[in-house]
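Asks: The structure's right below; bear with me while I get my questions together.
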Amino acid sequence: MLSVRPSSPPPCLAAPPPPLTRPCPARRLLPCVAVAAATGQRGRRRGDDDYHATIRSLNSRGRHTPRKSLGQHYMLNSSVNEELVRVAGVGEGDVVLEIGPGTGSLTNVLIDAGATVVAIEKDPHMATLVQERFRSTDQLMVLQEDFTKCHIHSHLSSLLEKNHKESSPTYAKVVSNLPFNISTEVVKQLLPMGDVFSDVVLLLQDEAASRLADCSLRTPEYRPINIFVKFYSDPAYIIKVERTNFFPEPNVDAAIIRFRLKRSAEYPLVASSKSFFSMVNSAFNGKRKMLRKSLQHICPSVEIEAALITIGQPVTARPEELTLDDFVSLHNLIAKN
Numbered sequence: 001m002l003s004v005r006p007s008s009p010p011p012c013l014a015a016p017p018p019p020l021t022r023p024c025p026a027r028r029l030l031p032c033v034a035v036a037a038a039t040g041q042r043g044r045r046r047g048d049d050d051y052h053a054t055i056r057s058l059n060s061r062g063r064h065t066p067r068k069s070l071g072q073h074y075m076l077n078s079s080v081n082e083e084l085v086r087v088a089g090v091g092e093g094d095v096v097l098e099i100g101p102g103t104g105s106l107t108n109v110l111i112d113a114g115a116t117v118v119a120i121e122k123d124p125h126m127a128t129l130v131q132e133r134f135r136s137t138d139q140l141m142v143l144q145e146d147f148t149k150c151h152i153h154s155h156l157s158s159l160l161e162k163n164h165k166e167s168s169p170t171y172a173k174v175v176s177n178l179p180f181n182i183s184t185e186v187v188k189q190l191l192p193m194g195d196v197f198s199d200v201v202l203l204l205q206d207e208a209a210s211r212l213a214d215c216s217l218r219t220p221e222y223r224p225i226n227i228f229v230k231f232y233s234d235p236a237y238i239i240k241v242e243r244t245n246f247f248p249e250p251n252v253d254a255a256i257i258r259f260r261l262k263r264s265a266e267y268p269l270v271a272s273s274k275s276f277f278s279m280v281n282s283a284f285n286g287k288r289k290m291l292r293k294s295l296q297h298i299c300p301s302v303e304i305e306a307a308l309i310t311i312g313q314p315v316t317a318r319p320e321e322l323t324l325d326d327f328v329s330l331h332n333l334i335a336k337n
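And the structure:
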């Protein structure tokens, strides 16, 4: 059990958290430019969240340690929260979905930026804490729900209608410091929602963010999720966040990743997305197998070979050799709709 004494924080937290770092194209890490303190358009700074503020928030409700079972790691560096908000371009009047607000440190920055926040928190203890912390504002709606089971459209529709302007459609944004243990599941649920969200900006495990944003062909990391991400969005790895910025400190570093969601008209043209992703998953289930073998339940191998030649691939091609466009073309040639 970690013993916390406000007047004497652990050595690793005694000094300010280290600066954020950005990767250059060669994947080296360079010092990040200083993140300016966001004052918000309304000039309503509520005070930065740091180690002591986090501990006070937890202790105020009798919770002394985050729940490991829910993957709770709380942000100690307000600059990271400000960077999340900056990357998402959050401004006055925006509607923002936050998943797992914890003690409300990111919520605080979002509200200061002028956003109306819909915060979904599974832990009833933390949901109550956030509600009480921001009880004086009408810019926050806290939903005590499991995000993976809630109906996002119904919760956001009224807020989006209120902000709707006839000249252009209104979309919400997602800005969140996600529990690492649900990040892939959340990404899969959010990215096909381009009819609701314009941008999804998340703080994920660094390795996961790197893999989702930029995975090269012919590597062990190239998986169906990469096809899924690029089908529904344009991803970008933004910045690395060291593990010492969290309490409790996780065993891995984190990173900010941004997904610009595509509208349905921008999706690759396939007759059925369900059939398409079924084919992609089948292809990768036999990753070391040639596609003419792993996909022969869809059509005869000779037809698969002919389709591969048509799209400019060898008849011996394996799934890790095909781009999203290649998979789309292959599907449209061999799928029996």
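Sequential numbering from 1 applies to the sequence shown in UniProt numbering.
Positions of the beta carbon are idealized from the N, C-alpha and C atoms, including for glycine.
(1) So, helix, strand or coil for Ile256, using DSSP?
(2) If distances are taken between C-alpha atoms only, which option among Ala317, Ser264, Val200 comes closest to Arg89?
(3) Quick check on this structure: which residue in Glu121, Pro314, Ser233, Val130 has the alpha carbon closest to the alpha carbon of Lys149?
(4) For Val196, which of helix, strand or coil comes out of DSSP?
(5) Could you check which residue in Val96, Leu291, Leu212 has the C-alpha nearest to that of Thr170?
(6) Hey, how far is the Cα of Glu132 from the Cα of Lys293?
(7) Please determine, among Pro101, Val109, Glu92, the residue with the shortest C-alpha to C-alpha distance to Glu83.
(8) Who are the near neighbours of Arg258 in its chain, counting only those whose CB is closer than 6 Å to its CB and skipping five residues on each side?
(9) Please give me, in chain order, every unbroken run of the beta strand (DSSP E) with length at least 3 that falls completely inside the region 203 to 256.
(10) Run through DSSP, which three-state label would Glu98 get?
(11) Are the region 295 to 302 and the region 241 to 248 in contact at 8 Å, needing three or more beta carbon pairs?
(12) Do you know offhand how far Thr316's Cα is from Arg218's?
(13) Excluding the 5 residues flanking Leu156 on each side, which residues of the same chain have their C-beta closer than 8 Å to its C-beta?
(14) Going straight from the alpha carbon of Arg81 to that of Ile227, what length do you get?
(15) If you drop the 5 nearest sequence neighbours on each side, which residues of the same chain put their C-beta closer than 8 Å to that of Arg318?
Replies: Reading from the atomic positions:
(1) By 1-based counting over the sequence shown, the position of residue 256 is 256. Ile256 carries a strand assignment under DSSP once its states are collapsed to helix, strand and coil.
(2) Looking up residue 89 in the sequence shown gives position 89. Note that residue 89 corresponds to Gly in the displayed sequence, not to Arg. Ranking Ala317, Ser264, Val200 by Cα distance to Gly89 puts Val200 first.
(3) Walking along the sequence shown from the start, residue 149 turns up at place 149. With distances taken between Cα atoms, Lys149 lies closest to Glu121.
(4) Locating residue 196 in the sequence shown gives position 196, counting from the first residue. Coil.
(5) Taking the sequence shown and counting its residues from 1, one reaches residue 170 at position 170. Residue nearest to Thr170 within the set Val96, Leu291, Leu212 is Val96 (criterion: CA-CA distance).
(6) Position 132 of the sequence shown, counting from 1, holds the residue named residue 132. Position 293 of the sequence shown, counting from 1, holds the residue named residue 293. Taking the straight line from one Cα to the other gives about 58 Å.
(7) Position 83 of the sequence shown, counted from the start, is the residue given in the question as residue 83. Glu83 has its Cα closest to that of Val109, out of Pro101, Val109, Glu92.
(8) Position 258 of the sequence shown holds residue 258. For Arg258, where only same-chain residues beyond five positions count, the Cβ hits under 6 Å are Val87, Val201, Ala236, Ile238.
(9) 233 to 241
(10) Along the sequence shown, one-based indexing puts residue 98 at 98. Secondary structure of Glu98 (DSSP, three-state): strand.
(11) no
(12) Your numbering for residue 316 matches position 316 in the sequence shown. Your numbering for residue 218 matches position 218 in the sequence shown. If I take the Cα positions, the gap works out to 14 Å.
(13) Here residue 156 refers to the residue found at position 156 of the sequence shown. Sequence-distant partners of Leu156 (beyond 5 residues in either direction) whose C-beta falls short of 8 Å from its own C-beta, in its chain, are Val95, Leu97, Val118, Ala172, Val196.
(14) Here residue 81 corresponds to residue number 81 of the sequence shown, with the count starting at 1. Here residue 227 corresponds to residue number 227 of the sequence shown, with the count starting at 1. Here residue 81 is Asn; the residue named in the question, Arg, does not match the sequence. Those two C-alpha atoms are separated by around 29 Å.
(15) Taking the first residue of the sequence shown as position 1, residue 318 is located at position 318. Answer for Arg318: Lys287, Arg288, Lys289, Met290, Leu291, listed in chain order.
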